[in-house]
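In what follows, a single structure is set out as C-alpha cells and then discussed.
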Amino acid sequence: MQEQVQKCWAIETTPIRPATQADAKTALSVLKDMAKGHDRVASLLASETPFKTFIVSAFALSPFLRDTGGSRPAILEELLSTDLATFLAERVRRARDAWKPNEGGAALADTEIMARLRRAKRELAFAVALADLSRHFDGRETTRWLSEFAGAAVSATIDHLLLSAHEGGKLNVKDVANPSAGSGVVVLGMGKLGAFELNYSSDIDLVVFYDPQSGIIVDRDDASETFGRLLRRLIRILQERSGDGYVFRTDLRLRPDPGSTPLAIPVEAAMLYYEGRGQNWERAAFIKARPVAGDIEAGERFLRELVPFVFRKYLDYAAIADIHSIKRQIHAHKGHGEIAVKGHNIKLGRGGIREIEFFVQTQQLIAGGRMPELRQRATEPMLRALVEAGWIDEETADELVEAYWFLRDVEHRIQMVRDEQTHVLPETEAELKRIAYMLGFEDTTAFSKALSRVLKTVERRYAQLFEQEAKLSTETGNLVFTGQRDDPDTLETLKKLGFQRPSDISHTIRTWHYGRYRATQSVEARERLTELTPELLRVFGESRRADEALLRFDNFISGLPAGIQLFSLLGNNPGLLSLIVNVMSSAPRLAEIIAARPHVFDGMLDPGLLAELPTRDYLAPRIANFVGGARHYEEVLDRLRIIAAEQRFLIGIRLLTGAISGAQAGRAFTDLADLIIAAAVKAVEDEVRSAHGDFPGGRIAVVGMGKLGSHELTAGSDVDLILLYDYDEAATESDGAKPLDPTRYFTRVTQRLIAALSAPTAEGILFEVDMRLRPSGNKGPVATRINAFAKYQREEAWTWEHLALTRARCICGDDRLIAEANAIFAEILGRKRDIVRVSADVISMREMIDSEKPPSDIWDFKLIPGGLVDIEFISQYLALVAPAKGVQPLIAGTNTGDALKLLGDALMNPNDLDVTLEALHLFTELSQIVRLCIEGEFEPKEAPAGLIDLVCRAGDYPDLKTLEGDVRRLSKAVRRVFQSVVSGLVLSPNVRCGPES
Numbered sequence: 000m001q002e003q004v005q006k007c008w009a010i011e012t013t014p015i016r017p018a019t020q021a022d023a024k025t026a027l028s029v030l031k032d033m034a035k036g037h038d039r040v041a042s043l044l045a046s047e048t049p050f051k052t053f054i055v056s057a058f059a060l061s062p063f064l065r066d067t068g069g070s071r072p073a074i075l076e077e078l079l080s081t082d083l084a085t086f087l088a089e090r091v092r093r094a095r096d097a098w099k100p101n102e103g104g105a106a107l108a109d110t111e112i113m114a115r116l117r118r119a120k121r122e123l124a125f126a127v128a129l130a131d132l133s134r135h136f137d138g139r140e141t142t143r144w145l146s147e148f149a150g151a152a153v154s155a156t157i158d159h160l161l162l163s164a165h166e167g168g169k170l171n172v173k174d175v176a177n178p179s180a181g182s183g184v185v186v187l188g189m190g191k192l193g194a195f196e197l198n199y200s201s202d203i204d205l206v207v208f209y210d211p212q213s214g215i216i217v218d219r220d221d222a223s224e225t226f227g228r229l230l231r232r233l234i235r236i237l238q239e240r241s242g243d244g245y246v247f248r249t250d251l252r253l254r255p256d257p258g259s260t261p262l263a264i265p266v267e268a269a270m271l272y273y274e275g276r277g278q279n280w281e282r283a284a285f286i287k288a289r290p291v292a293g294d295i296e297a298g299e300r301f302l303r304e305l306v307p308f309v310f311r312k313y314l315d316y317a318a319i320a321d322i323h324s325i326k327r328q329i330h331a332h333k334g335h336g337e338i339a340v341k342g343h344n345i346k347l348g349r350g351g352i353r354e355i356e357f358f359v360q361t362q363q364l365i366a367g368g369r370m371p372e373l374r375q376r377a378t379e380p381m382l383r384a385l386v387e388a389g390w391i392d393e394e395t396a397d398e399l400v401e402a403y404w405f406l407r408d409v410e411h412r413i414q415m416v417r418d419e420q421t422h423v424l425p426e427t428e429a430e431l432k433r434i435a436y437m438l439g440f441e442d443t444t445a446f447s448k449a450l451s452r453v454l455k456t457v458e459r460r461y462a463q464l465f466e467q468e469a470k471l472s473t474e475t476g477n478l479v480f481t482g483q484r485d486d487p488d489t490l491e492t493l494k495k496l497g498f499q500r501p502s503d504i505s506h507t508i509r510t511w512h513y514g515r516y517r518a519t520q521s522v523e524a525r526e527r528l529t530e531l532t533p534e535l536l537r538v539f540g541e542s543r544r545a546d547e548a549l550l551r552f553d554n555f556i557s558g559l560p561a562g563i564q565l566f567s568l569l570g571n572n573p574g575l576l577s578l579i580v581n582v583m584s585s586a587p588r589l590a591e592i593i594a595a596r597p598h599v600f601d602g603m604l605d606p607g608l609l610a611e612l613p614t615r616d617y618l619a620p621r622i623a624n625f626v627g628g629a630r631h632y633e634e635v636l637d638r639l640r641i642i643a644a645e646q647r648f649l650i651g652i653r654l655l656t657g658a659i660s661g662a663q664a665g666r667a668f669t670d671l672a673d674l675i676i677a678a679a680v681k682a683v684e685d686e687v688r689s690a691h692g693d694f695p696g697g698r699i700a701v702v703g704m705g706k707l708g709s710h711e712l713t714a715g716s717d718v719d720l721i722l723l724y725d726y727d728e729a730a731t732e733s734d735g736a737k738p739l740d741p742t743r744y745f746t747r748v749t750q751r752l753i754a755a756l757s758a759p760t761a762e763g764i765l766f767e768v769d770m771r772l773r774p775s776g777n778k779g780p781v782a783t784r785i786n787a788f789a790k791y792q793r794e795e796a797w798t799w800e801h802l803a804l805t806r807a808r809c810i811c812g813d814d815r816l817i818a819e820a821n822a823i824f825a826e827i828l829g830r831k832r833d834i835v836r837v838s839a840d841v842i843s844m845r846e847m848i849d850s851e852k853p854p855s856d857i858w859d860f861k862l863i864p865g866g867l868v869d870i871e872f873i874s875q876y877l878a879l880v881a882p883a884k885g886v887q888p889l890i891a892g893t894n895t896g897d898a899l900k901l902l903g904d905a906l907m908n909p910n911d912l913d914v915t916l917e918a919l920h921l922f923t924e925l926s927q928i929v930r931l932c933i934e935g936e937f938e939p940k941e942a943p944a945g946l947i948d949l950v951c952r953a954g955d956y957p958d959l960k961t962l963e964g965d966v967r968r969l970s971k972a973v974r975r976v977f978q979s980v981v982s983g984l985v986l987s988p989n990v991r992c993g994p995e996s
C-alpha cells in the first residue's frame, strides 16, 4: 500500500500540520469512518506513511475537505489508485458531457444536469485541494484545472439550455448533437476565468450575447425574452445550492449597462455600446475576456472586432487615471489604508492581488494598441512580456511573479477552509494559525513576516507606477492659488523656485484653477492639474527663463480642447515633465504640434524610445501595425497622417534630447517618409483600381529627389517627387467599370497621390509635395512614362537637372520599373561631360541663387556663402565630372557626406575635403535642431532660451559667440573650397564671400 500511495502522490514529507490536537483527532476519526468498506482507505489508515499524515493534517485544517471526504469516501478511494491528472481530466470530461441526453434522446431535466455537474465539481475540488496542499500542484496548475472545469461546466449548461429551447420550439439549433455549433451565442468568460486563473472558491463572471442573424431564433421579437429565461436558468443550474453543493456562483453584471439591459443582448447592440459608450473599466475587463462556451468561433470574432475598443491605437492616460481611481475608491470605501496581516484583504487590500493585476492591465491599456504582444490574458506571462517589451525590468517582474503566486496560495487556503468566496485573512490568532500551517509556515509570526514582505514589495512596485499623491506644500514652501489675491508665502516660494515674475505666474495658475480654459473646465482635469502643479513649478523653475517657458506652457494648454488626457499622462509619468519643459523652453514648433495633436506625445512612454535608433526596421512594423485593419481609403490615409505625425515628433524628441545626431535624424525622417509614401501609394493604387480597374502591364515607380532622395530630410522638409510609369504597348485603356486611357490613368494615380500626401484634413497633412523636378518642370505632365523620362534626360535636360539627378532615389514601386529607372540614372551620371561647361553652369546657378535668395545673416546655414548650398554644389559637381576625370561614377541617391567621401579622395585636396566635411557636419546639426524647434529663421535675440542652449550643444560649443566664430570660419573656408573645386578661378564679383555686416 505504501508503494502504491507513493507512486500516486510521491509524498515523502508532510508540508502541513494540524493547528490543534483536537482537530487532528477529529480528522483521524473521520478517516477511520471512511475506511469502512473502502479497502484502499483502510490500507492508508493502517499505514504509517507521510501521505496518511498529510491527509489527517488536511482534514484537520479544512472542515470542507473533512466533510467532503467523510460524506463521499469513494472520492479518496479512487484517488488512491488513479493517476491524478487522469482523475481530474475525467471530471472535466464528465462536466463537459453532463448535458448529453440519456438513451431516449430528450434533453435532461435541469435537476439532472445540476446533479451531474455538482458531483464532478465536488470531486475535482477535493482532488485539487489535496494536490495543492501537498505541493503536487503549484498555483498555476490549480488555477488551470479549476478554469478548465468551469469552462466545461458552462459549455455543458449552454448546450443543455439550447437543446431544451430547441425542443420547446423557441430555438432551432443546427445540430442537436452539438447545439452550440453555429448558434451565434457568444459566452465570454471574464476576469480570472478568461485568463485561466480561477481561484479555489471563485465565482465566475460571464457576458452573453446572441447573433439574431445566426438562424437559430424562431421568433426575433421573442429573442430577448427567450435568452433572458435561458440565462436565469443558467444561473440557477450553476449557482443554486443543493444537497450536492453548488457549481459556481455566477455573475452577469459585466454586460453593457447591466442596470437597464436584458441578461443577454444582440452582438450588434453590444458592439455599438462599446464603441459609443464603453467605459474605461470595461476596457480593462475585456483584456482577459475569452470565449468559454457557446459558439466559440462567434466569440472569437466578437473579441477581434472589439480590439480597437480595448486596445486603442494611441494612448489614453485618462483611462489609466480612471482605473487607478477605482483602486483608490476600493481603499476608501473598504478601509484598506494600512497593511496589517490579521483581517487583511489579500485581493483588494494594499499590496494585494488586485494591485498586481492593475499594474499589468494599466500598462496593457497604455501599450497594447501598438504592441500586440502585450494583449495576453494571464498575469505571469504578461509580466514576462512587459520585460521583453522593455516596459519593466526583470527584477520587477520576478518580484511581482513571486508575490502574485504567493498571494494566490494564501487566497486559496483562505477559501479551502470552508469553501467560501472570501479573500480576508482571519482576525483571530487561532484561525490565522490555521492559514499559516496550511501554507507550511512554522507559526503565525513567520507567516506574517513573509506576507508583510510580499505586500510591501507589491505596494512599492505599484506605487512607483501609479501612486503619486498631491503635495500642495513643498520643501521649498507653500503653494496656495485660491482666492483673488496673491498669497505672500506663495510668491516667495515661486521666487525660490526660479521665477522672476512670481505675481504673473501666480495669476496664471489661478486661471487654470478657475477653469477658464477648455482644458481645465472639468473637475477631473482641475484635480489632476492641481496634483501636478507643485512638480510642474519645480521643474519649470529649473529651466532658463522659467517664466517664459511656463507662460508658453500656459499658452499651450489654453488651446487644448481638453486637458485631462495630458494632465493624467504627466501625472503618471513624472520623467516626462522634464521633457515637456525642454520642449516649452526650446522648441515652440514642437509645442504647437503637441497642442494641435496631443496624442503624438503618447509615444514618449515607450521605455526604449531613447535607446533605440528610429531605423527603417524599427519604423516599418509600427506603421504597418497602426495602419493595419483600416477598413477604407480615407481611414488608411488618416491613420497614416496620425502615425506620421507621431513618429516625426518622436524622431524630433530623440534629436532634442541628444539621443540621435542631426545626420541620424535626417536618415530617420527620410526612412519615415519612404514608408509613409509607399503605404500611401498602395492605398491610392487600390482606390484607383476600384474605380478604373487595372491598366494592362501597368506599373509605377516613385522617385524621391532632393533631400528625400539623399536621406537628408529635416522636420519641416517638403518632399520632391517624380512618378514614372509604364504599361503594355498594345493596351489602350484600363479594364475597370470606368476605363481610362494610359495618360489619364497614370495622371489620375499621380493626382490622387499628391492629394493623399498634401491635402489638409482634421489629422493634418502628410507632406507638402513638390513635383517641379519632373521633366519640363511645372509645364510637363505630372506623371512621366519611363521611355519619355529616359529620352528627356538624354536629350533635353539641363545641367541643373542632372545635378538634381545625383540625389534621385526610387523609394517604392514595381521592381522591374525601379531597375529601369536606376539604369537610366546610372547611364546619365556615367557620362563623360564637358568639365568647363559644367563648371560654368554651376557657377551661374550659384550666382543666381545668391542674387535671388540672399542669406538673411550668418545663421542662415543653407544660403550663406560657404553654407549647405555650396557644399551640396561641390558634391553634385564632383558627381557630374567624375567620369570625365576617370573616377567611378556616383550611385544616384547617395547622401552629401558619403558622396564627398567617395569622390573627394580622388578629386579634392585632403584638407579641403576635411574642412568641407567638418562644415557639413556642423551645419547639418544646427539646421536639424533649428528646423525642429522653430518655424522661420533662427534669430538669437528672439529665440527661446532653451533653443540657444540646444544650438550650442549641437555643435558642442560653450556659448553662442564661440559658435558664431566657427560658423564664420568654416563658411569662409568652404567658399574657398567651392572656388577651388568648381572653377579653379577667383569667383566673379557678384558672388559674395560672406554675409553683409
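Residue numbers (my numbering): 0 to 996. The beta-carbon is built from N, C-alpha and C at its ideal position, and this holds for glycine as well.
On the three-state DSSP scale, how would you describe residue i?
i: residue 603; result: helix
i: residue 444; result: helix
i: residue 241; result: strand
i: residue 39; result: helix
i: residue 954; result: helix
i: residue 18; result: coil
i: residue 922; result: helix
i: residue 364; result: helix
i: residue 876; result: helix
i: residue 770; result: coil
i: residue 898; result: helix
If residue i sits next to residue j, beta carbons under 8 Å apart, how far is it from one beta carbon to the other, in whole angstroms?
i: residue 202; j: residue 156; result: That belief does not hold up - the Cβ atoms of residue 202 and residue 156 are roughly 15 Å apart, past 8 Å.
i: residue 891; j: residue 824; result: 4 Å
i: residue 53; j: residue 13; result: 5 Å
i: residue 438; j: residue 412; result: 6 Å
i: residue 614; j: residue 927; result: Contact flag wrong, Cβ pair sits at about 17 Å.
Quick check on this structure: which residue in the options has the alpha carbon closest to the alpha carbon of residue i?
i: residue 308; options: 285, 265 and 246; result: 285
i: residue 180; options: 194, 213, 191 and 149; result: 213
i: residue 684; options: 673, 353, 699 and 251; result: 699
i: residue 17; options: 766, 59 and 441; result: 59
i: residue 880; options: 863, 906, 891 and 894; result: 906
i: residue 719; options: 772, 694 and 713; result: 772
i: residue 272; options: 729, 253, 289 and 287; result: 253
i: residue 746; options: 783, 283 and 350; result: 783
Pull up the distance between the alpha-carbon of residue i and that of residue j, whole angstroms please.
i: residue 50; j: residue 43; result: 8 Å
i: residue 480; j: residue 508; result: 7 Å
i: residue 383; j: residue 404; result: 14 Å
i: residue 977; j: residue 839; result: 13 Å
i: residue 998; j: residue 662; result: Outside the displayed range of the chain (0 to 996) lies residue 998, so it cannot be described from this structure.
i: residue 418; j: residue 198; result: 11 Å
i: residue 702; j: residue 721; result: 5 Å
i: residue 1030; j: residue 504; result: Since the first residue of the chain shown is 0 and the last is 996, residue 1030 is not available in this structure.
Using the Cβ count rule (16 or more neighbours within 10 Å means buried), how would you classify residue i?
i: residue 150; result: buried
i: residue 733; result: buried
i: residue 847; result: exposed
i: residue 842; result: buried
i: residue 1025; result: Not covered by the structure: residue 1025. The range shown for the chain is 0 to 996.
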